[in-house]
Structure formats: C-alpha cells, structure tokens
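Student: Below is a structure I'd like to ask you about.
In the numbering used here, the protein residues as written are 60 to 190.
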C-alpha cells in the first residue's frame, strides 16, 4: 500500500493545493518500508488521477483540502484523511498504530483566514464554522 503525504519540510502541508512536494510512503505488513519525495508541478495538479494511479496511492493524509481535489481523488478510490497537522513521521506512526487524529472541521479557507466572524459556509457539501 502506498500513502501520500503532502509535506513542507518535515511537516504535513496545511493546504494540499499549495504543496510543492509530496511524500510517498510504501507500507507492508503494517510497517513503512520506503519513502520517496516527489516534486509536484502544475501539470500534476491538472491530472491528479494519473499521478495517484502511477504512484499506486491508496491513502492520502493531509491538512486542508479543497472539495474539488477531494472529489477527483476519491474518484480514484483513494481514502482521504484530512485535517491532520504535525511532523510527517509522527503522523505516519499514528496512522500505522491506528491512533491518527483527524479534524474534518479543519479549515484554512479564505473566509476564515480573513475573519468570517463565526459565519458558517459550505465545504465539500457540509456547512462548517470557524474553529
């Protein structure tokens, strides 16, 4: 199984759509065997299904993710665990142990960064509010 984690340095990138590097982790028998870093180009974002298929990714662990990317990636039968923060090694370890904490209300959208003052809005078909 291959897991994709968008990263910035040693941390999970807060927003999938802004990542320039993705870590691809190969997991066998509940242990990670190898990691590979891949630099993403605008062409990769334009054809995410091709990227995820070529790397045989079955799980994406990320911070925030735009609904448009969610739909495209889930259409490839990739499980998305989002709302994750932290060092990628700690996040991966928690995932493998079954203790990974996700926060599906995690939001770095424009309205919240600009201070929507508690007004809710829709994300991925679900209304959410500022944390």
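Built from N, CA and C at the ideal position, the CB exists for glycine as well.
None of the values given here were measured: they were computed from a predicted structure.
1) What do you get for residue 63, buried or exposed, if any count of 16 or more other CB atoms within 10 angstroms of its CB means buried?
2) Quick check on residue 72: buried or exposed, where buried means 16 or more other Cβ atoms within 10 Å of its Cβ?
3) Along the alpha helix (DSSP H) that carries residue 127, what are the first and last residues, could you check?
4) Ignoring anything shorter than 3 residues, give me the beta strand (DSSP E) runs that lie fully in the region 81-152, in order along the chain.
5) Please return the same chain residues whose Cβ sits closer than 8 Å to the Cβ of residue 69, not counting the five positions on each side in sequence.
Tutor: Put simply:
1) buried
2) By the 10 Å Cβ count, residue 72 comes out buried.
3) 126-133
4) Positions of the beta strand (DSSP E) runs, each at least 3 residues long and wholly inside the region 81-152, are given as 90-98, 116-120 and 138-140 in order along the chain.
5) 146, 147 and 148
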